[in-house]
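Here is the structure we will look at.
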Amino acid sequence: MIVIGKERAVYVRNDSIYFNKNDSLFGVIDTIKFYYGERRLFVQDLKGNVGRFCEK
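If you want it as structure tokens, here you go:
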């Protein structure tokens, strides 16, 4: 489970990310890279755009 804010969370199944309320697909995990000891998650959305999310 990935927590975003206080009330919103998304869940990961295999390589796909879903919203918890309506179980709709949010994106697909593209890659996970280590950068100076911190994990960076690259997620591709349904339109093909890639976003980067950091641990901290």
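Numbering (numbering that gives the first Met the number 0), first residue to last: 0 to 55.
Note that the Cβ used here is the ideal one computed from N, Cα and C, for glycine as well.
The structure displayed is predicted, hence computed values, not measured ones.
query	result
For Ile28 and Ile16, believed in contact at Cβ under 8 Å, the rounded distance	7 Å
Buried versus exposed, by CB contacts within 10 Å (16 or more), Val42	buried
Under the three-state DSSP convention, the category Asp44 falls into	strand
Neighbourhood of Val49 by C-beta, 6 Å cutoff - its chain only, sequence neighbours within 5 removed	Asp29, Phe41 and Gln43
Reduced DSSP secondary structure (H/G/I, E/B, other) of Tyr35	coil
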